[in-house]
Amino acid sequence: MQDQTYRRGVLYIVFAGVFLSTGGLFIRFIEDASPWTVLFYRSITFTITVVLFLLVRDRKTFIKRFQSVRAVDLGISLSLALGFITYVLSLFNTSVANTVLILSTGPVFAALLGWLVLKEKVTVVTWLAMLFAISGVAVMVSGGIASSDKLGIMYAFIAVMTFAVMIVLIRRSPANHDAMPATALAGICAAIMCLIFVPTLQISLHDLLFSVALGSLQVGMGFILITLGSRSVPAAQVPLLALAETALSPVWVWMLVNETPARNTLIGGAIVLSAVALQGISGLRRKAH
0 MQDQTYRRGV LYIVFAGVFL STGGLFIRFI EDASPWTVLF YRSITFTITV
50 VLFLLVRDRK TFIKRFQSVR AVDLGISLSL ALGFITYVLS LFNTSVANTV
100 LILSTGPVFA ALLGWLVLKE KVTVVTWLAM LFAISGVAVM VSGGIASSDK
150 LGIMYAFIAV MTFAVMIVLI RRSPANHDAM PATALAGICA AIMCLIFVPT
200 LQISLHDLLF SVALGSLQVG MGFILITLGS RSVPAAQVPL LALAETALSP
250 VWVWMLVNET PARNTLIGGA IVLSAVALQG ISGLRRKAH
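Using numbering that gives the first Met the number 0, read the sequence shown as starting at 0 and increasing by one per residue.
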């Protein structure tokens, strides 16, 4: 596997945030299917998407990629699978804005884990960008949180912590180790977990199509790019650069399904997006010199 530049890694992760931002929109188009049924088909589609990517990219070494799976890869798979599940459950139990706002605290968890586990230094600019992001979240939730949203917010916090664990585990693996097979297996792990709770696998064609879109376009493309980008971008920066999801997710549902975010949500989203720009431009300039 060829070495990947920091610049390319940044671009991968920023575009990953754009793909991931479509999750709330697709969920809002689901009509009748239960969250667990949607999760099952989303997870299966995700694995198929990543496997197809690996077949195209590594046709000659495809089998060897999966034969090289290690214990750390199973940790990556399980943490990502749990994140998949809690993310969707959060969207079913609170607003899109609330879910992605909680996810925007990811840089704090990733930075602390990266510092504790990997001894990665967190730059002053990264800390400043985190403060911007947290300030944006504070503005977004300044209007208060309804009691009916608490369960969804709890799921979102679990999702953000598992995402931070996944990033640190990828960074901890050897430099020449490909984590993409572990990412593919996460869908299988999530699907197995869902079978315990799913009331039925019957689903309408309409809901199936959106479940497939969630598995392929949203998390499929999103986490393929996240996994690629995490190889050359420090753990603290990965979720920060992916915060385009936080700013864009409420906009999609506002424009297309009329889930109107509060003014504070829009202002806070602009602050979060500024944090992404600060981190990305600083990192690119630092690597250019």
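For every residue, glycine included, the Cβ atom is placed at its ideal position computed from N, Cα and C.
Classification of residue i by the beta-carbon crowding that lies within 10 angstroms, buried from 16 upward
{"i": "residue 123", "result": "exposed"}
{"i": "residue 254", "result": "exposed"}
{"i": "residue 66", "result": "exposed"}
{"i": "residue 198", "result": "exposed"}
{"i": "residue 218", "result": "buried"}
{"i": "residue 62", "result": "exposed"}
{"i": "residue 280", "result": "exposed"}
{"i": "residue 55", "result": "exposed"}
{"i": "residue 0", "result": "Annotation note: pLDDT 41 at residue 0 (below 50); position unreliable, no value reported."}
{"i": "residue 177", "result": "buried"}
{"i": "residue 137", "result": "exposed"}
{"i": "residue 125", "result": "buried"}
{"i": "residue 112", "result": "buried"}
Contact set for residue i: own chain, Cβ-Cβ below 7 Å, skip 5 residues either direction
{"i": "residue 188", "result": "76, 77, 80"}
{"i": "residue 211", "result": "40, 44"}
{"i": "residue 192", "result": "80, 84"}
{"i": "residue 171", "result": "71, 116, 117"}
{"i": "residue 354", "result": "Not covered by the structure: residue 354. The range shown for the chain is 0 to 288."}
Minimum C-alpha distance to residue i - residue among the options
{"i": "residue 155", "options": "250, 13, 11, 23", "result": "23"}
{"i": "residue 265", "options": "151, 250, 109, 215", "result": "250"}
{"i": "residue 238", "options": "201, 101, 90, 137", "result": "101"}
{"i": "residue 16", "options": "134, 176, 103", "result": "103"}
{"i": "residue 37", "options": "222, 194, 277", "result": "194"}
{"i": "residue 33", "options": "127, 55, 91, 68", "result": "91"}
{"i": "residue 277", "options": "64, 145, 241", "result": "241"}
{"i": "residue 27", "options": "10, 273, 88", "result": "88"}
{"i": "residue 271", "options": "146, 58, 130", "result": "130"}
{"i": "residue 263", "options": "139, 204, 185", "result": "139"}
{"i": "residue 166", "options": "119, 186, 216", "result": "119"}
{"i": "residue 196", "options": "186, 57, 35", "result": "35"}
{"i": "residue 256", "options": "59, 107, 25", "result": "25"}
Chain C within 8 Å of residue i, Cβ atoms only
{"i": "residue 176", "result": "Absent from the structure is chain C; it holds one protein chain and no more."}
Same chain, Cβ closer than 6 Å to residue i, neighbours up to 5 away in sequence not counted
{"i": "residue 302", "result": "Limits of the chain in this structure are 0 at one end and 288 at the other, which puts residue 302 out of reach."}
{"i": "residue 181", "result": "72, 75, 76"}
{"i": "residue 183", "result": "46, 49, 50"}
{"i": "residue 214", "result": "41, 44, 45"}
{"i": "residue 157", "result": "85"}
{"i": "residue 226", "result": "178, 179, 182"}
{"i": "residue 95", "result": "23, 248, 249, 252"}
Heavy atom of the ligand NAD within 7 Å of residue i beta-carbon
{"i": "residue 166", "result": "Annotation note on the ligand NAD: not contained in the displayed structure, which lists no ligands."}
Beta-carbon gap between residue i and residue j smaller than 8 Å
{"i": "residue 152", "j": "residue 97", "result": "yes"}
{"i": "residue 12", "j": "residue 168", "result": "no"}
{"i": "residue 267", "j": "residue 135", "result": "yes"}
{"i": "residue 64", "j": "residue 53", "result": "yes"}
{"i": "residue 274", "j": "residue 128", "result": "yes"}
{"i": "residue 146", "j": "residue 31", "result": "no"}
{"i": "residue 14", "j": "residue 216", "result": "no"}
Contact set for residue i: own chain, Cβ-Cβ below 8 Å, skip 5 residues either direction
{"i": "residue 371", "result": "Given that the chain is displayed from residue 0 to residue 288, the structure contains no residue 371 and the question cannot be resolved."}
{"i": "residue 107", "result": "129, 133"}
### Query
Taking one C-beta from the segment 75-92 and one from the segment 156-171 each time, how about it: are there three or more such pairs within less than 8 Å?
Between the segment 75-92 and the segment 156-171, the count of C-beta pairs closer than 8 Å reaches three or more; the two stretches touch.
### Query
Counting pairs of beta carbons, one from the segment 216-235 and one from the segment 2-15, are three or more of them closer than 8 Å?
yes
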